[in-house]
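Order-wise, the sequence lines are chains Z and F. Under my numbering, the first residue of the first sequence is numbered 264, with each subsequent residue one higher. Under my numbering, the first residue of the second sequence is numbered 315, with each subsequent residue one higher. For each residue, glycine too, the CB sits at the ideal point set by N, CA and C. Every value quoted in this text rests on a predicted model; they were computed, and no experiment measured them.
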Amino acid sequence: MTRFFANANYDFIGVRKYAYALTALIIIPGLLLLAVTGLNYSIEFTGGTLVQVTTLTPQPLSAGDLRSALDAGGLRGAEIQSFGSDREYVVRARLTEVGAGTQEETQRTAQAVRSALTQRFGENSIRVDRQEAVSPKVGGELRQKALTAILLSFVGVLVYLAFRFEFRFGVAAVVATAHDIITTIAFIKYMNLEVSLTVVAAILTVVGYSLNDTIIIFDRTRENLHKYKRDDFGGILNRSINETLPRSVLTHATTIATTMSMLIFAGEVIRPWAWVMTFGVFTGTFSSIYIAGPILLWIERKWPGHEARGVKAHVAPASHRAALAPPAGA
Amino acid sequence: MLDSLKARFIVIGILIVLSIWSLWPRQVTTRLRGADGRMRDTTQQRVPIKQGLDLRGGMHLALEIDQSRGKVDNPGDAIDRALKVIRTRIDEFGVAEPLVQKVGTSRIVVELPGVSDPARAKQIALRTAFLEFQMTDKNNLFRSALPAIDRALAAAGVTERSVGSAARGDTTAAAPARSAVEDILGGRAVAAADTAKAGSVRRGPAQAERADTARADTLGNQLGQGPLSPLLFAGGMPGEYLVRDEMVVTVEAMLARPEAQRLMPRGFVTRWGAETMSRGAMPYRGLYILEERPIITGEYLTDAKARLDPIYNQSTVDFQLTRRGGRFFERETGQHVGDNMAIVLDKMVQSQPPVIRSAISDRGQIELGRASLQEAQDLALVLKAGSLPAPLMIVEERSVGPTLGRDSINKGILAGAVGIGLVIIIMLGYYRFAGILAVMALGLYVLFTFGGLAALGATLTLPGMAGFALSIGIAVDANVLIFERIREELAHGKSVRLAIDAGFRMAMNAIVDSNVSTILTAAFLFQFGTGPVKGFAVTLILGILASMVTAIFVTRTFFNLYVQRRPGLQTLSI
Numbered sequence: 264m265t266r267f268f269a270n271a272n273y274d275f276i277g278v279r280k281y282a283y284a285l286t287a288l289i290i291i292p293g294l295l296l297l298a299v300t301g302l303n304y305s306i307e308f309t310g311g312t313l314v315q316v317t318t319l320t321p322q323p324l325s326a327g328d329l330r331s332a333l334d335a336g337g338l339r340g341a342e343i344q345s346f347g348s349d350r351e352y353v354v355r356a357r358l359t360e361v362g363a364g365t366q367e368e369t370q371r372t373a374q375a376v377r378s379a380l381t382q383r384f385g386e387n388s389i390r391v392d393r394q395e396a397v398s399p400k401v402g403g404e405l406r407q408k409a410l411t412a413i414l415l416s417f418v419g420v421l422v423y424l425a426f427r428f429e430f431r432f433g434v435a436a437v438v439a440t441a442h443d444i445i446t447t448i449a450f451i452k453y454m455n456l457e458v459s460l461t462v463v464a465a466i467l468t469v470v471g472y473s474l475n476d477t478i479i480i481f482d483r484t485r486e487n488l489h490k491y492k493r494d495d496f497g498g499i500l501n502r503s504i505n506e507t508l509p510r511s512v513l514t515h516a517t518t519i520a521t522t523m524s525m526l527i528f529a530g531e532v533i534r535p536w537a538w539v540m541t542f543g544v545f546t547g548t549f550s551s552i553y554i555a556g557p558i559l560l561w562i563e564r565k566w567p568g569h570e571a572r573g574v575k576a577h578v579a580p581a582s583h584r585a586a587l588a589p590p591a592g593a
Numbered sequence: 315m316l317d318s319l320k321a322r323f324i325v326i327g328i329l330i331v332l333s334i335w336s337l338w339p340r341q342v343t344t345r346l347r348g349a350d351g352r353m354r355d356t357t358q359q360r361v362p363i364k365q366g367l368d369l370r371g372g373m374h375l376a377l378e379i380d381q382s383r384g385k386v387d388n389p390g391d392a393i394d395r396a397l398k399v400i401r402t403r404i405d406e407f408g409v410a411e412p413l414v415q416k417v418g419t420s421r422i423v424v425e426l427p428g429v430s431d432p433a434r435a436k437q438i439a440l441r442t443a444f445l446e447f448q449m450t451d452k453n454n455l456f457r458s459a460l461p462a463i464d465r466a467l468a469a470a471g472v473t474e475r476s477v478g479s480a481a482r483g484d485t486t487a488a489a490p491a492r493s494a495v496e497d498i499l500g501g502r503a504v505a506a507a508d509t510a511k512a513g514s515v516r517r518g519p520a521q522a523e524r525a526d527t528a529r530a531d532t533l534g535n536q537l538g539q540g541p542l543s544p545l546l547f548a549g550g551m552p553g554e555y556l557v558r559d560e561m562v563v564t565v566e567a568m569l570a571r572p573e574a575q576r577l578m579p580r581g582f583v584t585r586w587g588a589e590t591m592s593r594g595a596m597p598y599r600g601l602y603i604l605e606e607r608p609i610i611t612g613e614y615l616t617d618a619k620a621r622l623d624p625i626y627n628q629s630t631v632d633f634q635l636t637r638r639g640g641r642f643f644e645r646e647t648g649q650h651v652g653d654n655m656a657i658v659l660d661k662m663v664q665s666q667p668p669v670i671r672s673a674i675s676d677r678g679q680i681e682l683g684r685a686s687l688q689e690a691q692d693l694a695l696v697l698k699a700g701s702l703p704a705p706l707m708i709v710e711e712r713s714v715g716p717t718l719g720r721d722s723i724n725k726g727i728l729a730g731a732v733g734i735g736l737v738i739i740i741m742l743g744y745y746r747f748a749g750i751l752a753v754m755a756l757g758l759y760v761l762f763t764f765g766g767l768a769a770l771g772a773t774l775t776l777p778g779m780a781g782f783a784l785s786i787g788i789a790v791d792a793n794v795l796i797f798e799r800i801r802e803e804l805a806h807g808k809s810v811r812l813a814i815d816a817g818f819r820m821a822m823n824a825i826v827d828s829n830v831s832t833i834l835t836a837a838f839l840f841q842f843g844t845g846p847v848k849g850f851a852v853t854l855i856l857g858i859l860a861s862m863v864t865a866i867f868v869t870r871t872f873f874n875l876y877v878q879r880r881p882g883l884q885t886l887s888i
């Protein structure tokens, strides 16, 4: 039988100060950078135009060639980015001041990009693979919706956890989740990933995944609080984390396997999503151990629980609790 | 024990049959327009899971009523009528499985999978197609008013140059679309340079040259002195004037001035010709003075057909009016024999207004000049479907070419296969025998998820594929939780049978709680997302549900069967 981390007994809670330092090291420069330059929002949120082209000329065209063709067509200020290969490019024109651009302009820009490129390089040398034109109004709506979705999912999870565990567990889980969102945004900033709807979807999935992980540990904590009534809370948390460690390692391994294969093989369109998900697995694991647990400990020390040490009885019914063998370490 | 085992296998069997049944391809018959423009029943192999536009290629449009050029009275009603018109047009257009629906209160979403010519499809959806028949200014009232208009414009200090440069910034129907494009790209400097260039050409030698050509060509004399008259040349019929192509914007701006508007003959409007025409070497546009009241509009149209006129080699659209419209038309044209009637489509005059020779009843034709047969067919289509109650604009467009879509599918499948392969290797390497059970359960998981997608009629998008691959990684989590629990129980010295029992029971809480929270976030994602993101959320939710069923129920059944076959089991390969 192969067993990783069987009977592990690491002092996770004891080293939490170092963990805080590590996460601060990621978050603070990221947020400072963010305050200075802001996020790289996709045109879905800013409004604007995106045209993805593949060049079919015998010699690959450089971004400079495209640049000069667009300049000649009067499209200065459009940004050109190579997209996966030296034949694929994405041309973006954002509506910088919201409200300044009217709805038609995004349409016209898309047309102008097409005609500027075909005029310079010929009709059959450019293939348009993707075209998006979003008016600032729709962009504003999407921003609003994305924000609402994130906030609502917070509230929903808090309510569910308060119902299934106890309010303090919910608070700790939500703090851990907030931590994940902040580190993920810092990561997006470091990688200069484009924040699109798919990336927002990835952030929300990271939220779900991290919660999942936190709940597994909390579930064990809830159980252990009943089992070892006399142990101190920190010890119980540590024991719970250690007991679920094999599961964590294995599940993270399989999840990383899938997100990494998406990152490597699934192509440029989905790559930002795959980056965020891959990072999310790490930050989700980290926060479940080093943020959710210690926060719960802190709440417990500040406001000690009333009945049964603050745990609603929601473990297996008494009949099979009686059937449990006495734990080896107790 | 045996009975419950049998019952479990029956349930699993039913689930498998249901999944396969919903995934089984079947024949679907739809009415589609064939390549020859005729409607016919087409039987297609239905693909079990619909692919999103990002995989299949196609176009997504969101349309709203355009109020920028004048307020629309009842936008709520207009959008409903527009929806019907667009639906008819799109059905006629002949795309397989189009989607035309109202979203919210003021938006129409049009989805056209696999459409090969997005620009043409956009034209079809957006064209107002408002057809009017208007009589020209046969008494030349405008010409009589022209000297007064000239004087008024001159008194207001309007010159060709002052109006010309101001008009450049305008985005009127006839103006080129460039300035707006440059605006949003921050290329104002370019726009200014362009104007200057165009301006200098016009001011410099061009002025002399124009005077020359005006004398040299056959357009007749200038109509008078002042800012406006020198720009107009008398056309071939009363109420028709010719304007040099590059002066169209200037003339339009002058006519829009309040001084000119006040002096326009009452009950008349100005309309431009749809196409430029050449006289000598110069391109000209027709300017028509028409009676404001149309003698008939396109609402009486019942049928329209495009054809290529072999004699003049130009495309035309033949139309037919309703009986009532025909009577109406006959009476009106009967009163106007010998006059010219302009056919005005979306405020543009089509070809030169023909002379009415005798009363026309319910048939007529629109000549389209240089337009291709396909353009004529498209026009016939939109005329038949009816005009839009108000102009529409595109607020969102996404189109994906078929190449990118196919590429995405291939890459998505590769990534998914590699991901699944790795997960299988990890599970088998770590759990050995129990891993085999988990992998078998994973196979069923894939089947159930896709079966569920097909049963719900959900659309598979690229993020959806990513969500599916991710859910495979997560799907084994439930198995992992159970197996780890069983191992713990075994380590505590329990018998195999009891350990399996306890393992499943103890892991239950964690599985349910953790999965419900993931489903909650995915549900919120579904709520706010657009197409591709919705696909992601649906796949994730279905994947989690399927993983719970397979891990809790299917794997348990496998274990039960195994334990039952070996009553004296002492060890478990897990």
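query: Answer yes or no: do Glu-605(F) and Phe-642(F) have a C-beta to C-beta separation smaller than 9 Å?; result: no
query: Whose CA, out of Ile-499(Z), Ala-449(Z), Ile-290(Z) and Glu-563(Z), lies closest to the CA of Asp-482(Z)?; result: Ile-499(Z)
query: Let me check you understand the geometry: is the CB of Ala-620(F) closer than 8 Å to at least one non-hydrogen atom of the ligand HEM?; result: The ligand content of the structure shown is nil, which means the ligand HEM is not present either.
query: Find the nearest neighbour of Lys-364(F) within the set Ser-701(F), Arg-799(F), Ile-379(F) and Met-779(F), judged by alpha-carbon distance.; result: Met-779(F)
query: Can you give the Cα-Cα distance for Gln-884(F) and Gln-878(F), rounded to whole angstroms?; result: 13 Å
query: When the distance is taken between beta carbons, is Ala-792(F) closer than 9 Å to Thr-864(F)?; result: yes
query: For the beta strand (DSSP E) containing Lys-280(Z), list its first residue and its last residue.; result: Looking at the DSSP string, Lys-280(Z) is not in any beta strand (DSSP E); the run it does join, the alpha helix (DSSP H), is 279-300.
query: Check the Cβ of Ala-271(Z) against every Cβ in chain F and list those closer than 7 Å, keeping chain order.; result: Simply none; closest approach about 12 Å.
query: Scan the stretch 664-706 of chain F and note each continuous beta strand (DSSP E) run of 3 residues or more that stays entirely inside, going in chain order.; result: 677-681
query: For the structure I just gave you, are there three or more beta carbon pairs, one from the stretch 796-812 of chain F and one from the stretch 763-780 of chain F, closer than 8 Å?; result: no
query: Looking only at its own chain, which residues have a Cβ that is under 7 Å from the Cβ of Ala-821(F), when we skip the five neighbours before and after it?; result: Leu-795, Ile-796 and Arg-799
query: Using DSSP with H/G/I as helix, E/B as strand and the rest coil, what is Met-662(F)?; result: strand
query: What is the DSSP secondary structure of Met-822(F), reduced to helix, strand or coil?; result: helix
query: Starting from the C-beta of Glu-711(F), find all residues in its chain whose C-beta is less than 6 Å away, skip the five residues before and the five after it, and write them out in chain order.; result: Leu-375
query: Give a yes or no on contact between the stretch 498-512 of chain Z and the stretch 717-727 of chain F, applying the rule of three or more CB pairs nearer than 8 Å.; result: no
query: Please state if the CB of Thr-442(F) and the CB of Tyr-602(F) are separated by a distance shorter than 9 Å.; result: no
query: Report the neighbours of Ile-740(F) on chain Z: residues whose CB is nearer than 9 Å to its CB, in chain order.; result: Leu-513, Ala-516, Thr-517 and Ala-520
query: Just to make sure I have the definition right: I need the residues of chain Z whose C-beta is within less than 8 Å of the C-beta of Phe-643(F). Which are they?; result: Those do not exist, as Phe-643(F) stays about 35 Å from chain Z at its closest Cβ, beyond 8 Å.
query: Can you pull the chain F residues whose beta carbon is under 8 Å from the beta carbon of Glu-342(Z), in chain order?; result: What Glu-342(Z) touches in chain F: nothing, since even the nearest Cβ is about 10 Å away.
query: Taking C-alpha atoms, which residue in Ala-789(F), Gly-749(F), Val-732(F) and Val-826(F) lies nearest to Ile-888(F)?; result: Gly-749(F)
query: Please identify, using Cβ separations under 7 Å, the residues of the stretch 409-421 of chain Z that lie next to chain F, in order along the chain.; result: Ala-409, Thr-411, Ala-412, Leu-415, Ser-416, Gly-419 and Val-420
query: Just the Cα atoms here: how many angstroms apart are Glu-404(Z) and Val-463(Z)?; result: 14 Å
query: Any contact of the stretch 290-305 of chain Z with the stretch 335-354 of chain Z, i.e. 3+ C-beta pairs under 8 Å?; result: no
query: Does any CB atom of chain F fall closer than 9 Å to the CB of Glu-386(Z)?; result: no
query: Do Leu-697(F) and Val-399(F) have their C-beta atoms within less than 9 Å of each other?; result: no
query: For Ser-809(F), count neighbouring C-beta atoms within 10 Å of its own C-beta (all shown protein chains included) and say buried if the count is 16 or more, exposed if not.; result: exposed
query: If I measure Cβ to Cβ from Lys-452(Z) and keep anything under 6 Å in the same chain, skipping five residues before and after, which residues do I get?; result: Gly-293, Leu-296 and Leu-297
query: Using alpha carbons as the reference points, say which of Gly-849(F), Glu-589(F), Gly-640(F) and Leu-537(F) lies closest to Gly-766(F).; result: Gly-849(F)
query: So that I know if they touch, is there some Cβ in chain Z lying closer than 9 Å to that of Ala-837(F)?; result: yes
query: Kindly list, in the order they appear in chain F, the residues whose Cβ is closer than 7 Å to that of Asn-455(Z).; result: Per Cβ cutoff of 7 Å: no residues; Asn-455(Z) is ~21 Å from chain F at best.
query: Please determine, among Gly-419(Z), Pro-321(Z) and Thr-309(Z), the residue with the shortest C-alpha to C-alpha distance to Asn-387(Z).; result: Pro-321(Z)
query: Starting from Gln-322(Z), trace the beta strand (DSSP E) in both directions and tell me its first and last residue.; result: Note, Gln-322(Z): premise wrong, no beta strand (DSSP E); not H, not E.
query: So, are the CB atoms of Thr-446(Z) and Thr-286(Z) less than 9 Å apart?; result: yes
query: Contact defined as beta carbons within less than 8 Å: I believe Pro-597(F) pairs with Asp-559(F). What is the distance between those atoms, to the nearest angstrom?; result: 4 Å
query: With a cut-off of 8 Å on the beta carbons, I'd call Ser-473(Z) and Ser-551(Z) a contact; round off their distance for me.; result: 6 Å
query: Could you give the DSSP three-state label for Ile-299(F): helix, strand or coil?; result: What is shown of chain F runs 315 to 888, which leaves residue 299(F) out entirely.
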